[in-house]
Amino acid sequence: MSSTSVISSRRWGLSKQNEPMNYWRKTEQTRTIIVVLAVLVVVWEMSVRIFGIRSFLLPAPTIVLSDIIGNPIFFGKQSLYTLYVTSVGFLIALVGGVLAAIAIVSSSFIDRTFYTLLVATNSIPKVALAPLFVIWLGTGGAPKIAIAAIIAIFPIVINTTVGLRAIDNDMIDLARSARAPRRDIMLKVRFPNALPSVFAGAKIGISFALIGAIVGEFVAGEQGLGYVILTSQATFNSTRAFAAILVLGVLGTIMFFIIEAIERWMLPWHVSQRSQKGR
Amino acid sequence: MESESVIRSSDPAYISIHGVEKTYAADGSPISALKGIDLDIAAGEFVSIVGPSGCGKSTLLKCVAGLQAVSSGSISIRSKQVQTPPDNMAIVFQRDVLFDWRTVLDNVLVLVEFRGLRRQDYEQRALRLLKDYGLDGYAHRFPWELSGGMRQRVAICRALIVDPDLLLMDEPFGALDAMTRDDLNAELERLWYETRKTIIFITHGIDEAVYLGDRVVVMARNPGRIAEIVPINIPRPRPLSIRQTEEFGKYVQHIRHLFASMGLVKAE
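These protein sequence lines map, in sequence, to chains A and B. The number in my numbering is simply the position in the first sequence, starting from 1, with 15 added. The number in my numbering is simply the position in the second sequence, starting from 1, with 456 added.
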């Protein structure tokens, strides 16, 4: 096997010859992550103990972990709230973003006005709008959901628009040759063709929605992991803050992989998926 | 295949192309893609169009299909001016243009959906077409699971699903290997022989053009124009072996000489 084919088969995860070898190769990334994280945690734990760092500056990982394990109901409740804000905000961004992209591609007027505005406002740090949302929507769940949605919508709109436009002209000609109505060209040709881009946008969007939710909880929160971090800071309870951050990390990772699982399920035909199914 | 009346109409010019020009507005000077194209095509005729790349043969096909407007001149089908894609016409492109997200069966049925017809009415026909084209058992597979030749066969089934009178083929076998191309050539010849559809077949392969066509339209470029129309008087049905005959060779030689005189190929 030449060196180039080793690289390409690793890259695409092609599986044909010697399965155990391939399984080893496929899980390489996962194994690397686990090892790096484990080393990091051990170094962290050791340094805290050896140098006697006080826990309000830097708590040892074992202490952080025991805080979570010791208060499962508290962390569960706060996580659920953040999860709720994030997912509702994300869903609004997803539906709104995809509809907006369809409108942008369908109408050159909307393209010139709305899309131009969108691209221009994309450079504004959206978190700066958070205090305004509190003024407009109060201190309940609504402003937090709004912030999560407004941050998440940008990558979804932009990716979907690009995906809807990146179409093979022959596909459109094929549809036109059968006098397909515009709606069919959008829903049966452009949209399915754009789905990989929609998912690319959604994967960025879900992380952004989580950021939005935390910012919202920072600005005006009574619950949620962002609120936990903020109140821990007020009482110098670094252990609690670290615990909340750890839970946040886990939450974000899980949500990302849920989107990826949905993508794999919905787009078995896409190039990036083919290797897993085998030809 | 569905039965089609062999003689479609008393009017010999099923498609009438008259004085067609097509110019593109390039920055500065307009580029002339087609100039003075006159061509009458009879119902049930198989016309091959052969020419070098850039001779506007694909543009001509898109104009006949109503996908592009002509700059001047007229194209009419059954004395009706072509402005939008005509009814009962289907196109096969060089690339199969299958939708990756649809199964083979759903790909074949997509034009039925586009035309606003009922899927159920065509499912049996779709399965029969797939069987005729050796794709038995692939109906529920996805396009990426198929070879290039199989994919193009699916594209042909898709074109045939609504039983079009007029089949426009834009270098349909150009991307296939020689052996698959031979198979598909023979299948197309058989299809034409059995159904007598009107077929316009664009290619840059002289052999293919002669083997399939009742007439071969030889095009030249700069600007895109018809250099000569060569009637092919080889009896049908035509087995592939006909390509070894002296008669066939003469036609190919003649067209090759035409291209040579235009400076496009080296004379042998």
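Even for Gly, the Cβ is constructed at its ideal location relative to N, Cα and C.
Three-state class that DSSP yields for residue i in the structure shown
i, result
"residue 675(B)", "strand"
"residue 501(B)", "coil"
"residue 612(B)", "helix"
"residue 480(B)", "strand"
"residue 14(A)", "Outside the shown range of chain A, which is 16 to 294, sits residue 14(A), and nothing can be said about it."
"residue 619(B)", "coil"
"residue 506(B)", "strand"
"residue 571(B)", "coil"
"residue 469(B)", "coil"
"residue 605(B)", "helix"
"residue 69(A)", "coil"
"residue 488(B)", "strand"
"residue 248(A)", "helix"
"residue 558(B)", "coil"
"residue 40(A)", "helix"
"residue 523(B)", "coil"
"residue 475(B)", "strand"
"residue 683(B)", "strand"
Extent of the continuous beta strand (DSSP E) to which residue i belongs
i, result
"residue 587(B)", "Taken as a continuous stretch (DSSP letters only), residue 587(B) belongs to no beta strand (DSSP E), being part of the alpha helix (DSSP H) at 576-588."
"residue 623(B)", "622-626"
"residue 545(B)", "545-548"
"residue 529(B)", "528-533"
"residue 553(B)", "From DSSP, residue 553(B) is part of no beta strand (DSSP E); its letter is neither H nor E."
"residue 690(B)", "It is not in any beta strand (DSSP E) - residue 690(B) carries neither H nor E in the DSSP assignment."
Residues near residue i by beta carbon distance below 8 Å, same chain, minus five either side
i, result
"residue 158(A)", "145, 148, 149, 151, 152, 231, 234 and 235"
"residue 22(A)", "The pLDDT assigned to residue 22(A) is 37, lower than 50, so where the model puts this residue is not dependable, and the model offers no usable value."
"residue 556(B)", "598, 599 and 600"
"residue 125(A)", "118 and 119"
"residue 567(B)", "546, 614, 615, 617 and 618"
"residue 585(B)", "564, 613, 616 and 617"
"residue 20(A)", "Residue placement at residue 20(A) cannot be trusted, given a pLDDT of 37 that sits under 50; the coordinates are not used to answer."
Spatial neighbours of residue i in its chain, beta-carbon cut-off 7 Å, leaving aside the 5 residues before and after
i, result
"residue 510(B)", "677"
"residue 271(A)", "218, 221 and 222"
"residue 540(B)", "522"
"residue 105(A)", "163, 167, 220, 221 and 224"
"residue 714(B)", "674, 683 and 684"
"residue 116(A)", "172, 175, 176 and 179"
Residues of its chain near residue i, where Cβ-Cβ distance is below 6 Å and the 5 sequence neighbours each way are ignored
i, result
"residue 292(A)", "Because residue 292(A) carries a pLDDT of 46, less than 50, the predicted location of this residue cannot be relied on, and the following value inherits that uncertainty. Closer than 6 Å at Cβ, skipping near neighbours: no residue."
"residue 560(B)", "594, 595, 597 and 610"
"residue 184(A)", "none"
First through last residue of the alpha helix (DSSP H) which encompasses residue i
i, result
"residue 108(A)", "87-121"
"residue 276(A)", "253-281"
"residue 595(B)", "Looking at the DSSP string, residue 595(B) is not in any alpha helix (DSSP H), and its letter there is neither H nor E."
"residue 64(A)", "43-66"
"residue 142(A)", "Taken as a continuous stretch (DSSP letters only), residue 142(A) belongs to no alpha helix (DSSP H), as it is neither H nor E."
"residue 716(B)", "702-717"
Chain A contacts from the region 612-632 of chain B (Cβ-Cβ distance under 7 Å): none
Contact residues within the region 653-676 of chain B, judged by C-beta distance below 9 Å to chain A: none
Short-range partners of chain B found in the region 206-225 of chain A, where Cβ spacing is below 9 Å: 207, 208 and 210
Ranges of the alpha helix (DSSP H) found wholly within the region 642-669 of chain B, counting only runs of at least 4: 662-668
4 or more residues per run - each alpha helix (DSSP H) lying fully within the region 162-217 of chain A: 184-192
Contact list for the region 168-193 of chain A against chain B, Cβ threshold 7 Å: 183, 185, 186, 188, 189, 190, 191, 192 and 193
Chain-ordered residues of the region 60-84 of chain A with a beta carbon less than 9 Å from chain B: none
Interfacial residues, the region 110-144 of chain A to chain B, with Cβ spacing under 9 Å: none
Contact list for the region 571-582 of chain B against chain A, Cβ threshold 8 Å: 571 and 572
Interface residues of the region 508-520 of chain B facing chain A [CB-CB below 8 Å]: 518
Interface residues of the region 274-285 of chain A facing chain B [CB-CB below 8 Å]: 282, 283, 284 and 285
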